[in-house]
Structure formats: C-alpha cells, structure tokens
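Heads up, the thing below is written out as structure tokens.
Protein chains in written order, with the numbering used here: chain A, 1 to 270; chain B, 1 to 270.
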C-alpha cells in the first residue's frame with residue numbers, strides 16, 4: 001500500500017485548500033469535504049458523488065466495502081498518513097476518513113421552471129440552522145432552497161451534517177443576488193412571503209395555498225429593509241404563549257409545513 | 001470593594017458544586033447557574049429570581065444597573081477575582097458574571113388541573129434540543145412541559161440559552177417517572193399521542209383537537225417500547241419529499257403548532 005506522507009502531494013494539497021476555504025465564498029469546482037465513514041456513506045446513499053477519498057491505512061482496512069463503493073462511483077482512493085489526514089479534517093475526530101465530494105450547490109439557473117414552494121434564506125449565519133432548514137424543506141416537499149449572498153455555506157461541514165442528506169435531495173442554490181432572485185421567482189409566478197415575528201398578519205392571511213417563496217432572514221437581524229420592500233406579504237406564526245418568537249429553524253419548519261398543508265388542501269387533499 | 005479570591009468562600013464553594021452538578025441528576029434546592037449579563041437580564045425579564053450574583057470587579061462596574069435590579073429582586077452580590085469566576089462558568093467567555101438562580105423545574109404536582117396541551121420529552125439527550133422544544137411549547141401555548149427520568153437537565157446552560165426565557169414562562173416538570181406521569185396525564189383527561197416518523201398514521205388522524213399530551217422520544221432511539229405501549233396514538237408528520245424525518249426540535253415545533261391550530265379551529269377560531 002502506497003501511503004502518502006507529504007503535504008506537497010497534489011491531491012492532498014488541493015484538499016487542504018478546500019479545508020481552508022470552507023465557510024467563505026469559494027470556487028465550487030473543487031467540490032467540498034465530507035468527514036467520517038458514516039458521513040460519506042449517508043451522502044453516497046443520498047446521491048453524492050465522491051471525487052477523492054482520503055483514508056489512513058487503518059481506516060482503509062476498516063471501511064473496505066465503503067471504499068469499494070466509492071471507487072465504483074468514480075472516486076480515487078488516497079491512503080495518507082494520519083497526521084496529514086488530521087490536517088484535512090475540521091472535526092477533532094475525523095475517524096481516519098475525509099472525502100472530496102462534487103459540489104451540488106448551484107446558481108439560479110437550477111431553479112425549476114414551475115415550482116410550487118421555494119425556501120429562501122437571506123443572510124442566514126448559522127450552518128446548523130441552514131442545514132436544518134434544508135432538511136425541513138426537503139421533508140415538506142419544497143422544490144428548491146436558495147441562499148442569498150452573505151449566507152453561510154451550505155456545504156460547510158456543520159450544514160452538511162444538519163441537512164442529514166437533504167443537500168443531495170433537492171435543487172440547492174447558493175449566494176444568489178437578491179435582484180436576480182426576485183426576478184427569477186416572480187418570473188415563475190411565485191408570491192414572495194417573508195417571515196417576520198412582528199408582522200401584523202398571521203400566516204392564515206398569507207396566500208400560502210398558491211405557488212410561493214418563503215423568505216426567511218438572519219437569526220439576529222431578520223429580513224433587511226431592501227428585501228422587505230420587495231416582498232408581497234409579511235406574515236408571522238400565531239403565538240399563544242409568552243415566547244416572542246421561535247428560533248429560525250423551528251419557525252422555518254412550521255412555515256414549510258403550513259405551506260405544504262395548505263397547498264395540498266387547496267389541491268383537494270392530494 | 002471586597003473582592004473574594006478564595007475558592008473556600010462558602011458562596012463560591014456552593015456555586016462550584018452547582019457548576020459540577022449540571023447535566024446530572026441533582027438537588028434543585030440550590031438553584032442553577034446562569035452565565036453572562038445578557039443571560040441574567042433576559043432571565044430576570046422573564047421572571048427568574050436570582051439568589052446570588054458573582055461578578056468580577058470589572059463586570060460589577062460595567063453592569064451596575066443590572067446588579068442593582070438583581071439586588072432589588074433579592075440577590076446577594078459577590079465580587080470575585082477573575083480566575084475564581086472562570087471556575088464557576090461553563091462557557092469559555094462568561095463575560096465576568098455568573099448568577100445562581102432559583103430553580104423553576106418542579107415535580108408532577110406542578111401539572112395544571114385542566115391542561116389542553118402538554119409536551120412530554122422522553123429521554124431527550126441534547127440540551128439545545130430540549131430548550132428549543134420548550135421555547136416552541138411556550139410559543140404555541142402549551143400548558144406545561146415535562147421531561148422524564150434520564151432526560152437532559154432543562155436548567156443546564158445550553159438548555160437555558162436555547163429556551164430563550166421560556167423556562168420561566170410555563171410550568172416545567174423534570175425527571176418524571178413514566179408510570180406516575182401516565183396516571184397524572186390520564187387523570188386530567190389527556191389523550192397520549194406519541195410522535196413516531198414510522199407510524200402508519202399522519203397527524204391528521206390523531207385526535208389533536210382535544211386535550212392531549214404530545215410525547216416525543218430520544219433524538220436517536222425514538223420512543224422506548226414500554227412508553228409506546230402506554231400511548232393512545234402514534235402519529236407522524238406528513239412527508240412529501242425525500243427526507244426521512246425532521247430533527248427533534250423541528251418536528252416538535254410543527255406538532256405543537258398543529259395541535260394548537262386544530263384546538264383553536266375546533267373551538268371556533270378563537
């Protein structure tokens with residue numbers, strides 16, 4: 001077995017660059033990093049396409065079936081010394097395995113032609129929140145999820161983990177410019193409904209039965225003024241208790257559920 | 001200003017014991033720890049009763065108005081040296097202030113006599129999840145939240161932070177024995193509805209219009225068999241996409257919303 005020990009190895013060097021680029025604006029052509037055998041297995045089950053799999057000699061021996069499957073899916077296997085592997089990983093315990101996976105986050109041309117429900121995250125900052133919202137969007141049948149510029153990277157390790165495979169299940173668009181996004185959503189006949197805990201109207205009054213884009217803002221600052229100005233409706237969830245609002249991921253899940261429920265009901269319970 | 005520098009000071013020693021006890025079964029008579037000025041301010045706004053506030057000399061000078069309010073609310077102020085304060089804190093940056101607050105988590109006798117909606121967490125393990133569910137239970141008007149034995153401590157720092165004040169808004173019961181809990185819920189006329197992503201029925205078929213207890217299981221293992229055996233219904237959220245399930249906090253928020261919505265609808269849209 002040829003074990004790579006040098007950081008100057010081209011494959012290792014490219015992956016190290018990816019590891020450093022995570023969380024910032026980056027060239028997606030190089031793919032993104034997934035850590036751990038379970039993470040890779042789940043991602044491959046969900047449709048991820050591995051490009052390169054780095055494994056320590058121990059991990060390569062332990063996860064032979066997974067590595068065979070990755071090779072069948074087109075991946076190259078690189079056995080690397082443990083200290084080199086640790087440099088590729090963002091978690092403390094990468095369990096001896098890090099994979100470079102083909103990027104799935106695209107640009108606005110990936111928006112489907114006739115969506116019923118699109119989830120838009122504006123300047124969302126927490127990767128766990130973003131991944132959890134993506135998972136809920138998938139569960140409730142959204143046709144796409146879009147993040148705007150200055151949002152967290154949906155292919156950062158925490159976001160990928162929180163999405164639990166959903167990253168590979170529906171069209172995901174990253175870093176969209178707001179003006180272009182509004183044009184694309186309106187061009188597809190979607191009503192733009194923003195979530196705002198201080199809106200006068202609750203969701204009952206928003207036209208969630210029809211094709212719509214649910215627009216959610218930053219965890220701390222909500223929706224920026226220039227975004228609000230372009231929206232058709234602002235709506236809040238009804239609150240019966242004393243909590244002023246839900247956290248972002250919980251609010252998104254409820255809104256996506258309510259949209260899906262009302263759309264199915266309007267379509268005759270299909 | 002008398003600055004405490006010794007860990008043998010009785011107040012410091014008692015608080016250190018609390019810091020070590022967090023997350024495990026513990027005597028609640030000593031209260032629990034809150035960190036940071038913002039955390040204490042929010043908790044006091046929500047109704048928390050501080051017993052002792054520890055602050056470094058710098059923090060005491062910086063947060064004078066807050067400390068005055070805490071004293072008016074009955075708290076004793078102890079100015080401590082920075083290294084001592086760091087030992088009381090669980091976070092890396094406690095910002096010079098740690099408070100001992102009177103415990104609000106009670107036993108089953110705190111369950112209201114005629115609740116409409118009770119949220120039950122069975123062996124939930126993640127404090128962030130538990131706090132987020134508590135916040136959603138508050139938002140959607142639940143009459144109480146109950147955790148069973150082997151669940152995470154709702155007064156651990158992460159749970160308190162995630163609850164965003166809701167810990168102080170509704171009756172919270174911790175460490176309930178399952179048998180006693182079932183008797184208490186049934187005695188109050190509640191239907192026991194368990195959440196299970198693999199249940200044959202979706203929530204539409206569960207009697208959420210009536211008084212009910214929503215029972216949610218552990219993040220990884222779901223509801224234990226002996227708990228399921230005692231439930232009246234098992235229900236899942238409808239899923240239209242490819243995600244198999246939501247994470248616990250998101251699922252709980254949607255179920256609590258759906259319960260509240262159906263109960264209001266049944267009551268004539270009040």
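Every residue, glycine too, gets a C-beta built ideally from N, C-alpha and C.
So, under 8 Å CB-CB, residue i and residue j are touching, yes? Tell me the CB distance rounded to an integer number of Å.
i	j	result
residue 167(B)	residue 181(B)	About 20 Å separates the two Cβ atoms, so there is no contact after all.
residue 135(A)	residue 243(B)	5 Å
residue 142(B)	residue 170(B)	6 Å
residue 84(A)	residue 37(A)	With 8 Å as the limit, residue 84(A) and residue 37(A) do not qualify as a contact, their Cβ atoms being about 18 Å apart.
residue 19(B)	residue 13(B)	The pair is not a contact, with the Cβ atoms about 11 Å apart (cut-off 8 Å).
residue 206(B)	residue 233(B)	5 Å
residue 35(A)	residue 105(A)	So it is not a contact: roughly 18 Å between Cβ atoms.
residue 227(B)	residue 178(B)	6 Å
residue 73(A)	residue 49(A)	6 Å
residue 52(A)	residue 11(A)	6 Å
residue 231(A)	residue 193(A)	7 Å
residue 253(A)	residue 250(B)	4 Å
residue 113(A)	residue 188(A)	7 Å
Answer yes or no: the CB of residue i versus the heavy atoms of the ligand NAP, is any distance below 7 Å?
i	result
residue 87(B)	Because no ligand of any kind appears in the structure shown, any question about the ligand NAP cannot be addressed here.
Looking only at its own chain, which residues have a Cβ that is under 8 Å from the Cβ of residue i, when we skip the five neighbours before and after it?
i	result
residue 270(B)	Model confidence at residue 270(B) stands at a pLDDT of 49, short of 50, so the residue's coordinates are unreliable; what they give is reported in the following sentence. Within the same chain, residue 270(B) has close Cβ partners 264.
residue 202(A)	235, 236, 237 and 238
residue 190(B)	115, 118, 211, 212 and 213
residue 124(B)	130, 133, 147, 151, 152, 216, 217, 218, 219 and 248
residue 62(B)	37 and 96
residue 16(B)	7, 87 and 88
CB-CB under 7 Å to residue i, same chain, minus the five flanking residues each way: which ones, in chain order?
i	result
residue 108(A)	173, 176, 180, 181 and 184
residue 209(B)	262, 263 and 266
residue 256(A)	119, 136, 137, 140, 142 and 214
residue 103(A)	28, 31, 32 and 155
residue 42(A)	165
residue 5(B)	81 and 84
residue 258(A)	203 and 208
residue 76(A)	52
residue 9(B)	none
residue 46(B)	165, 168 and 169
Taking residue i as the query, report the chain A residues whose CB atoms sit under 7 Å from its CB, ordered along the chain.
i	result
residue 132(B)	247 and 250
residue 135(B)	243, 246 and 247
residue 141(B)	240 and 241
Taking residue i as the query, report the chain B residues whose CB atoms sit under 7 Å from its CB, ordered along the chain.
i	result
residue 217(A)	Those do not exist, as residue 217(A) stays about 17 Å from chain B at its closest Cβ, beyond 7 Å.
Can you list the residues of chain A that residue i reaches, using a CB-CB cut of under 9 Å?
i	result
residue 210(B)	Going along chain A, no residue has its Cβ under 9 Å from residue 210(B), so there is no contact; the nearest lies around 17 Å.
So with CB distances below 8 Å, who are the chain A contacts of residue i?
i	result
residue 138(B)	241, 242 and 243
Leaving out five residues before and five after residue i in sequence, what residues of the same chain have Cβ atoms less than 6 Å from its Cβ?
i	result
residue 90(A)	157
residue 39(A)	none
residue 245(B)	197
residue 145(B)	119, 134, 137 and 172
residue 82(B)	56
residue 268(B)	none
residue 70(A)	50 and 53
residue 162(A)	128, 131 and 132
residue 159(B)	127, 130 and 131
For the region 222-244 of chain B, enumerate the residues whose C-beta is nearer than 9 Å to any C-beta of chain A, in chain order.
237, 238, 239, 240, 241, 242, 243 and 244
Mind listing which residues of the region 146-169 of chain A have their C-beta closer than 8 Å to chain B's C-betas, in chain order?
Residues passing the 8 Å Cβ filter: 162, 164, 165, 166 and 169.
Suppose only complete runs of 3+ residues qualify. What are the beta strand (DSSP E) ranges in the region 146-195 of chain A, listed by chain order?
172-176 and 191-195
Tell me which residues of the region 243-260 of chain A have at least one Cβ-Cβ distance to chain B shorter than 9 Å, keeping chain order.
243, 244, 245, 246, 247, 249, 250, 251, 252, 253, 254, 256, 257, 258 and 260
Taking Cβ-Cβ distances below 9 Å as the criterion, which residues of the region 85-108 of chain A are in contact with chain B?
Within the region 85-108 of chain A, contact with chain B at the beta-carbon level (separation under 9 Å) is assigned to no residue.
Could you give the uninterrupted runs of the beta strand (DSSP E) lying entirely in the region 184-264 of chain B, keeping only those of 3 residues or more?
Listed in chain order, the complete beta strand (DSSP E) runs (minimum 3 residues) inside the region 184-264 of chain B are 191-195, 212-216 and 233-235.
Select from the region 31-60 of chain B all residues with a C-beta closer than 7 Å to any C-beta belonging to chain A, and list them in chain order.
Answer set for the region 31-60 of chain B: empty.
Of all the beta strand (DSSP E) runs that stay within the bounds of the region 23-47 of chain A, which reach a length of 3 or more residues?
32-35
Would you mind listing the beta strand (DSSP E) stretches within the region 66-102 of chain B that are 3+ residues and don't spill past its ends, in chain order?
Taken in chain order, the whole beta strand (DSSP E) runs of length 3 or more contained in the region 66-102 of chain B are 76-79 and 97-101.
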